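Colleague:
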């Protein structure tokens, strides 16, 4: 384990997340459609559970102090305690789930287990995000309404993005190892 390399990778991937977060479509609901889930899943799958969670924690801390790294160049604690905050808070957890690398000795089974783990991480993200959104919507969105909206607007796209990120992660890991 090279601690310097690990820190550099965490910082680089936190910066990548800041860039990916700007690819966003604002929505009237206050929760934009973004590619952030792809970034979270890729970071966790490439770096592994520990470094993936650390990288996303760095991203959150950078945004919390006010740097405009969240969607639509947002930053500050208000984003973390607002309607989108639950999704943001869940990113380190999702990255950790995406970073679980089963080692059964069977490549196909390992891939299936990795995908299932990543999709469990996505479910955690949708649950935490949806709960905070419903709690802070001021009655404008019930919990059922939030999850119905998420099922239509976010979950299908996020499922595809998560699967694609896990499938691409092996190639990205190989590229990073080739430049060590």
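In this note's numbering, the protein residues as written are 173 to 352. Note that beta-carbon positions come from the ideal geometry of N, C-alpha and C, so glycine has one too. Computed from a prediction, not measured in an experiment: that's the story for all the values here.
Using 7 Å as the threshold, is the C-beta distance between residue 337 and residue 217 below it?
Modeller: Result yes, Cβ atoms of residue 337 and residue 217 sit closer than 7 Å.
Colleague: Return the bridge partner residues of residue 242 from the DSSP annotation.
Modeller: According to DSSP, which records beta bridges pairwise, residue 242 is partnered with 246.
Colleague: Whose C-beta lies closer than 8 Å to the C-beta of residue 244 among residues of the same chain, with five residues either side of it excluded?
Modeller: 194, 196, 198 and 204, listed in sequence order.
Colleague: Which of the three DSSP states is assigned to residue 206 in this structure?
Modeller: Residue 206 falls in the strand class under three-state DSSP.
Colleague: With DSSP run on the structure shown, which of helix, strand or coil describes residue 309?
Modeller: Three-state result, residue 309: coil.
Colleague: How about residue 300 and residue 289: do their beta carbons lie closer than 7 Å?
Modeller: It is not a contact, given that the beta carbons lie outside the stated cut-off.
Colleague: Determine the contact status of residue 266 and residue 297, defining contact as a CB-CB distance below 7 Å.
Modeller: Result yes, Cβ atoms of residue 266 and residue 297 sit closer than 7 Å.
Colleague: Counting Cβ pairs closer than 8 Å, one from the region 303-322 and one from the region 244-261, do we hit at least three?
Modeller: Cβ pair count under 8 Å is three or more, so yes.
Colleague: Go to residue 189, then tell me how far its alpha helix (DSSP H) extends in each direction, as first and last residue.
Modeller: Run containing residue 189: 175-192, per the alpha helix (DSSP H) assignment.
Colleague: Does the Cβ-Cβ distance between residue 326 and residue 292 come in under 7 Å?
Modeller: No, Cβ-Cβ distance for residue 326 and residue 292 is not below 7 Å.
Colleague: Could you check the C-alpha separation between residue 187 and residue 212 for me, to the nearest Å?
Modeller: Going from the Cα of residue 187 to the Cα of residue 212 covers about 12 Å.
Colleague: Considering only residues of the same chain and omitting the five flanking positions on each side of residue 251, which have a CB-CB separation below 7 Å?
Modeller: Answer for residue 251: 235, 242, 257 and 260, listed in chain order.
Colleague: Closer than 7 Å by C-beta to residue 181: which residues in its own chain qualify, once you throw out the five before and the five after it? Chain order, please.
Modeller: Contacts found: 219 and 223.
Colleague: Taking the alpha carbon of residue 294 as the point to measure from, which residue in 279, 328, 312 and 192 has its own alpha carbon closest?
Modeller: The candidate whose alpha carbon is nearest that of residue 294 is 328.
Colleague: Quick check on the DSSP output: the alpha helix (DSSP H) that includes residue 262 runs from which residue to which?
Modeller: From DSSP, the alpha helix (DSSP H) with residue 262 extends over 257-270.
Colleague: Beta carbon of residue 231, beta carbon of residue 184: below 7 Å?
Modeller: No, they are not a contact pair.
Colleague: Taking only the alpha-carbon atoms, compute the straight-line gap between residue 302 and residue 340 and give it to the nearest angstrom.
Modeller: Each residue's Cα considered, the two are about 27 Å apart.
Colleague: Rounded to whole angstroms, what's the CA-CA distance from residue 287 to residue 335? Just pull it up for me.
Modeller: Their Cα atoms are separated by approximately 6 Å.
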